[in-house]
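Worksheet: the structure to be examined is printed underneath.
Number of protein chains: 2
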Amino acid sequence: MINVIGIGQNRENMTLGAIKAIEESDVVIGYKKYIEQIEDLIADKEIVKKGMGDEIARAEFAIQRSLEGQTVSLISSGDPGVFGMANVLYQIVSKYDGVEIKVYPGSYLGAPLHDFAAISLSNILTPLSEIEKKLRYALEANLIVAIYNPISKTRKEPFRRFKQCVLEIKGEDALIGIIDSTYEPPKPTIVALRDLTEDIVNMSCTLIVGNDLTYVQDDKLITPRGYVIRSKVHPLSQNHYEKFLNGEVVHGPNRECEFYPCHYEGQYCDFCYCPFYPCGDSSTGGEWIKGKNVWNCKECLWLHSKDAVECLRPPLEDILEDVEDLKTKKKTLLKLRRACLLKTNPNDL
Amino acid sequence: MINVIGIGQNRENMTLGAIKAIEESDVVIGYKKYIEQIEDLIADKEIVKKGMGDEIARAEFAIQRSLEGQTVSLISSGDPGVFGMANVLYQIVSKYDGVEIKVYPGSYLGAPLHDFAAISLSNILTPLSEIEKKLRYALEANLIVAIYNPISKTRKEPFRRFKQCVLEIKGEDALIGIIDSTYEPPKPTIVALRDLTEDIVNMSCTLIVGNDLTYVQDDKLITPRGYVIRSKVHPLSQNHYEKFLNGEVVHGPNRECEFYPCHYEGQYCDFCYCPFYPCGDSSTGGEWIKGKNVWNCKECLWLHSKDAVECLRPPLEDILEDVEDLKTKKKTLLKLRRACLLKTNPNDL
């Protein structure tokens, strides 16, 4: 069991659930400053003070201990679903089987948030036109949208407008998380927009509309924020990018290649090997092979689409001066990947 | 002292500060369902179960008891700064002197939130262009914008871009709240954008950019959400709107009037008396006369501007069928006021 805990600015803002979870832990991991803030609660625990930088190391360490049967608390200051570790941990934990994660304060949908807008659909004192404008702009900007006051027995029109906005901007496959607080504990549900009907929503629900990268993993809604996985460059990839740097890589489909088409007719072969490998981001269809520490891109076809290649290739030619840059400029590369993911639509393939 | 408390969905999500504040209270006010959730904490308190509808009655009651020297807790479920009573309470409390308000979970700036976007300025793994797009859309939509990861020693460019976006969209008078968490308790500061310099912001700060209605009251940042104040229609206003309904009210400046110009040369006189009186919203310059329960509009000139009149008059002619409607259609009127406030800019006068 891994508890991901936001302890807040001070003891006053700490929740009872967070305190209980810490007390029940065997191992407590966190940045020195946060560990000091809870020293009185953890006198009998194993304490691991890690620096700010290595989120991945912290997550992997927590997972290992959890797999060994220990209860681990990962400590951060702000809400782990907004500021903290929750998203990265969910991404990394997909490598393994049987690791349970709980987030404090309560997140019932997984780690759906990154930059987000919180918008009330109550039009009792707010004009519907104002609510609709906020919705449209937030969705267009690819902010995650959290909706409160979604509907009531007499107030259904704002909900219909909301659905219409999501349909027009995101399409009927848009992922919607629902947290229904009429249940205790609150009941999470994840649906595609096309299945978001009035009968599954009530005034005690909060709705979360994912952004263009949000995906479902083991019944949780996950929005990847990106993280750097240090890795060697495979010799075949090394070879490909040496040619790429020498201007020897064909633009578009490489029909001369004996393996063409390895994915689909018409595929672009500029990036025969992925320059971002391993991205660790399931939003384009890749996934960890459980228990193997191997990233499997079999379902990710985005990189071979015309749109992706045309967005990626010119800036990549500027960024890469040497094959080593595939390792040393990983952050820059991941930002480029993200920018092109958001410009093209990987789900349209 | 009034504590405004969000108790969360269940005990697990309740903060230690909230529990302590409830325990120190003499009177606990809230909707039945929430009171039941904390029954074990309030056995020795006076308990007032009020229905959902009358926020104003609850606020006034809490204020009276506080003025009598009691400690009062106003209970809601979600964060009172997002879902709940905090904004309305701050608006109403400006009628009185000497009422202290504390919000749980901690709000150090007052009640700045309504619909908002939370955006990280960290561009380590997120392209700056993406961050800038989110900022621009959120500001254009008049969402309140909460910024985290605003700056670091080596990462200043996103902060500069943020300032530029606010300047272009909101102007140099835009109100910015800063919560600096390097202090304990966190230190709140409110500045106009023109005074937001890099030396007063660090990586532990959260910034809040108000919306077009946000104002400062007693060193707190308040965003009005609107509330209905039941009130009689003054006989002179009654008389004016009888003429208005008969089509006898001049459009534009009424230079025939013996009092013209009562405010400024060029003023529009269509609404000699305010159809929204008392709005209770200080964002246009009105304020409560302390201790008198009288709303004073002396500093509010918005209603006499050409822009406001041209936005308000046509829909108002549709809404008002009878002078009584000034009382009975108050919610519709307040929505019209809000819509025109956001279309025109009351601060440009």
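Going down the list, the protein sequences come from chains A and B. Per our numbering, the first sequence starts with residue 72, numbered consecutively. Per our numbering, the second sequence starts with residue 72, numbered consecutively. Idealized CB from N, CA, C, for every residue including glycine.
Point to revise | Contacts around glutamate 126/A, its chain only, beta-carbon distance under 7 Å, and the 5 residues preceding and following it disregarded | key: Met156, Val159 and Tyr298
**Study point:** Best match in Leu383/B, Lys400/B and Asn325/B for proximity to leucine 413/B [C-alpha to C-alpha]
**Key:** Leu383/B
Review point. Hey, out of Glu358/B, Ala89/B, Pro151/B and Lys314/B, whose CA is closest to serine 165/B's CA?
Key: Glu358/B
Check your understanding: Among Lys173/B, Leu267/B, Glu83/B and Leu138/B, which has the Cα closest to the Cα of isoleucine 93/B?
Key -> Isoleucine 93/B has its Cα closest to that of Lys173/B, out of Lys173/B, Leu267/B, Glu83/B and Leu138/B.
Review point. For valine 153/A, is the classification buried or exposed, using 16 other Cβ atoms within 10 angstroms of its Cβ as the cut-off for buried?
Key: buried
Check your understanding: Taking the DSSP output, what are the residues bridged to glutamine 288/A?
Key -> Lys291/A
Review point. By Cβ distance below 8 Å, which residues in the same chain neighbour proline 332/A in space, the five residues on each side in sequence not counted?
Key: Pro324 and Gln338
Check your understanding: In terms of residue numbering, what span does the beta strand (DSSP E) encompassing asparagine 74/A cover?
Key -> Per DSSP, asparagine 74/A is one residue of the beta strand (DSSP E) stretching across 73 to 77.
Practice item. Compare the beta carbon distance of alanine 244/B and alanine 263/B with 7 Å and say whether it is the shorter of the two. Key: With the sequence shown as reference, residue 244/B is identified as aspartate, and alanine is not the correct amino acid for it. Yes, Cβ-Cβ distance for aspartate 244/B and alanine 263/B is below 7 Å.
Check your understanding: Could one say the Cβ of proline 176/B lies closer than 7 Å to chain A's Cβ atoms, at least one of them?
Key -> yes
Review point. How should lysine 104/B be labelled, buried or exposed, when 16 other C-beta atoms within 10 angstroms of its C-beta is the threshold for buried?
Key: exposed
Exercise for review: Please report the residue range of the alpha helix (DSSP H) in which glutamate 203/B lies.
Suggested key: Glutamate 203/B: member of the alpha helix (DSSP H) spanning 199 to 211, first to last residue.
Review point. Nearest to serine 178/B by CA position, among Asp341/A, Val321/A, Ile293/A and Gly79/A, is which residue?
Key: Gly79/A
Practice item. Under 7 Å between beta-carbons, which chain B residues line up against valine 272/A? List them in chain order, please. Key: Going along chain B, no residue has its Cβ under 7 Å from valine 272/A, so there is no contact; the nearest lies around 17 Å.
Exercise for review: For valine 153/B, return the contacting residues in chain A, with the cut-off set at a CB-CB distance below 7 Å.
Suggested key: Ala189
Check your understanding: Is lysine 369/A helix, strand or coil when you go by DSSP?
Key -> coil
Exercise for review: Report the residue from Val143/A, Glu313/A, Asp251/A and Asp266/A whose alpha carbon sits nearest the alpha carbon of leucine 278/A.
Suggested key: With distances taken between Cα atoms, leucine 278/A lies closest to Asp251/A.
Exercise for review: Might you give, ordered along the chain, the residues of its own chain that have their beta carbon closer than 8 Å to the beta carbon of valine 394/B, omitting 5 neighbours on each side?
Suggested key: Val304, Gln309, Tyr312, Glu313 and Leu316
Check your understanding: Leaving out five residues before and five after phenylalanine 73/B in sequence, what residues of the same chain have Cβ atoms less than 6 Å from its Cβ?
Key -> Sequence inspection shows isoleucine at residue 73/B; the phenylalanine mentioned does not correspond to that position. Result list for isoleucine 73/B: Ala133, Ser137, Val143 and Ile172, in chain order.
**Study point:** Beta-carbon proximity list for glutamate 131/B, same chain, < 7 Å, skipping 5 on both sides
**Key:** Ile163
Practice item. For the stretch 397 to 414 of chain A and the stretch 347 to 357 of chain A, state whether three or more C-beta atom pairs, one from each stretch, are separated by less than 8 Å. Key: yes
Check your understanding: Considering only residues of the same chain and omitting the five flanking positions on each side of aspartate 150/A, which have a CB-CB separation below 7 Å?
Key -> Gly77 and Pro176
Review point. Taking Cβ positions, are alanine 182/B and isoleucine 293/B nearer each other than 7 Å?
Key: yes
Check your understanding: Can you check whether the CB of asparagine 220/B is closer than 7 Å to the CB of threonine 86/A?
Key -> no
Check your understanding: Is it true that the CB of proline 346/A sits closer than 7 Å to the CB of leucine 397/A?
Key -> yes
Point to revise | Sheet register partners of isoleucine 300/A (DSSP bridge) | key: In the DSSP output, where bridge partners are listed per residue, isoleucine 300/A has none listed.
Check your understanding: Identify the residues that DSSP records as bridge partners of isoleucine 172/B: which are they?
Key -> Ile73/B
Practice item. Identify the contact partners of arginine 296/B in chain A, using a Cβ-Cβ distance below 8 Å as the criterion. Key: Leu196 and Thr197
Check your understanding: What are the start and end residues of the beta strand (DSSP E) that includes glutamate 117/B?
Key -> From DSSP, the beta strand (DSSP E) with glutamate 117/B extends over 117 to 120.
Practice item. Return no unless some Cβ of chain A is closer than 7 Å to the Cβ of serine 252/B. Key: yes
Practice item. Counting only the same chain and skipping the five closest in sequence on each side, list residues whose C-beta sits under 7 Å from that of serine 44/A. Key: Residue 44/A lies beyond the range of chain A shown here (72 to 420); nothing can be said about it.
Review point. Alpha carbon to alpha carbon, how far is glutamine 135/B from arginine 129/B?
Key: Roughly 10 Å separates the two Cα atoms.
Review point. Using a C-beta to C-beta distance shorter than 8 Å, which residues of chain A count as neighbours of glutamine 80/B?
Key: Gly177, Ser252, Glu255, Pro256 and Pro257
Practice item. Flag glutamate 313/A as yes if its beta-carbon sits less than 7 Å from any beta-carbon of chain B, otherwise no. Key: no
Point to revise | Three-state class that DSSP yields for alanine 92/A in the structure shown | key: For alanine 92/A, the three-state secondary structure derived from DSSP is helix.
Check your understanding: Within the 7 Å Cβ cut-off, does aspartate 97/B reach chain A?
Key -> no
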